[in-house]
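Novice: Could you have a look at this structure, given as structure tokens, before my questions?
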Amino acid sequence: MSQSQNATFTSPTGEENLMNGNHKDSESITDVCSNEDLPEVELVSLLEEQLPQYKLRVDSLFLYENQDWTQSPHQQQHGSDTLSPVLAEETFRYMILGTDRVEQMTKTYNDIDMVTHLLAERDRDLELAARIGQALLKRNHVLSEQNEALEEQLVQAFDQVNQLQHELSKKDELLRIVSIASEESETDSSCSTPLRFNESFSLSQGLLQLDMLQEKLKELEEENMALRSKACSF
Numbered sequence: 001m002s003q004s005q006n007a008t009f010t011s012p013t014g015e016e017n018l019m020n021g022n023h024k025d026s027e028s029i030t031d032v033c034s035n036e037d038l039p040e041v042e043l044v045s046l047l048e049e050q051l052p053q054y055k056l057r058v059d060s061l062f063l064y065e066n067q068d069w070t071q072s073p074h075q076q077q078h079g080s081d082t083l084s085p086v087l088a089e090e091t092f093r094y095m096i097l098g099t100d101r102v103e104q105m106t107k108t109y110n111d112i113d114m115v116t117h118l119l120a121e122r123d124r125d126l127e128l129a130a131r132i133g134q135a136l137l138k139r140n141h142v143l144s145e146q147n148e149a150l151e152e153q154l155v156q157a158f159d160q161v162n163q164l165q166h167e168l169s170k171k172d173e174l175l176r177i178v179s180i181a182s183e184e185s186e187t188d189s190s191c192s193t194p195l196r197f198n199e200s201f202s203l204s205q206g207l208l209q210l211d212m213l214q215e216k217l218k219e220l221e222e223e224n225m226a227l228r229s230k231a232c233s234f
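Be aware that the sequence shown starts at 1, since it is given in full-length UniProt numbering, and climbs by one per residue.
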């Protein structure tokens with residue numbers, strides 16, 4: 001009976017001691033938080049063990065490529081969106097200003113809702129930065145392929161221009177030879193000396209050949225003009 005009474009009397013004393021201890025702890029925390037002279041960095045260091053530790057796992061340049069990650073509907077919805085250079089620049093400028101939010105997180109460390117909200121914003125910024133990086137890599141790859149194709153077209157165009165210039169020089173030389181032959185034939189035909197039959201036959205053959213050469217000359221001149229215009233277009 002005495003032991004039970006002792007137990008009955010000691011239990012309220014233990015509860016009172018526990019309540020007093022909790023009350024002292026709460027008073028110490030209140031004193032620490034309400035003390036204006038205590039530096040803010042020291043307040044953060046006192047509660048550093050209570051802050052959650054976050055670690056990111058990035059296995060590649062592309063977000064959620066690993067099967068261990070769970071791809072969200074938000075990522076699937078915006079995965080094929082193309083980002084304009086203006087939007088990418090403004091987004092990076094917004095993310096550079098994230099130091100202000102770090103200071104805000106330091107000031108509101110005792111508000112768990114605000115800290116959670118800021119961490120969620122930070123996660124969205126990381127996701128957006130990854131999508132911007134992926135879009136820039138794809139755009140860089142496309143531009144590299146276009147540059148290579150344009151370089152190949154430029155080489156082919158130079159080869160074609162050189163070939164046209166070579167053909168043009170040959171046809172200019174042929175035109176010069178035909179012109180000289182035509183002038184010599186006209187000079188011979190203007191002579192009024194008597195001719196024999198064989199000479200008259202050769203003259204008729206020469207005139208016929210001259211007509212053919214003049215027609216050929218006309219065709220070559222037209223083709224020459226076409227080649228010159230085509231070379232100028234390149």
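By construction, the Cβ of each residue, glycine as well, lies at the ideal position given by its N, Cα and C atoms.
For the putative contact between Leu220 and Lys171, defined by C-beta atoms under 8 Å, what is the C-beta separation to the nearest angstrom?
Specialist: The Cβ separation is near 6 Å, so the contact holds.
Novice: Taking buried to mean at least 16 other C-beta atoms within 10 Å of its own C-beta, is Arg131 buried or exposed?
Specialist: When all chains shown are included, Arg131 counts as buried.
Novice: Please report the distance separating the alpha-carbon of Glu89 from that of Glu148.
Specialist: C-alpha separation (whole angstroms): 27 Å.
Novice: Tell me whether Asp123 sits in a helix, a strand or coil according to DSSP, three-state version.
Specialist: Residue state, collapsed to three classes: helix.
Novice: Could you check what DSSP says for Asp159 in three-state terms: helix, strand or coil?
Specialist: It is helical.
Novice: Quick one: Cα of Glu223 to Cα of Ser144, how far?
Specialist: Glu223 and Ser144: Cα-Cα distance of roughly 39 Å.
Novice: Three-state secondary structure (DSSP) at Asp113?
Specialist: Three-state result, Asp113: helix.
Novice: Would you say the region 115-124 touches the region 153-165, given that touching needs at least three Cβ pairs under 8 Å?
Specialist: The region 115-124 is not in contact with the region 153-165.
Novice: Flag this pair as yes or no: are the beta carbons of Leu154 and Arg228 separated by less than 9 Å?
Specialist: It is not a contact, given that the beta carbons lie outside the stated cut-off.
Novice: Could you tell me the distance, in whole angstroms, from the CA atom of Ser185 to the CA atom of Leu210?
Specialist: About 7 Å.
Novice: Among the candidates Glu173, Leu175, Leu87, whose CA atom is the shortest distance from the CA of Gly133?
Specialist: Out of Glu173, Leu175, Leu87, Leu87 has the C-alpha closest to the C-alpha of Gly133.
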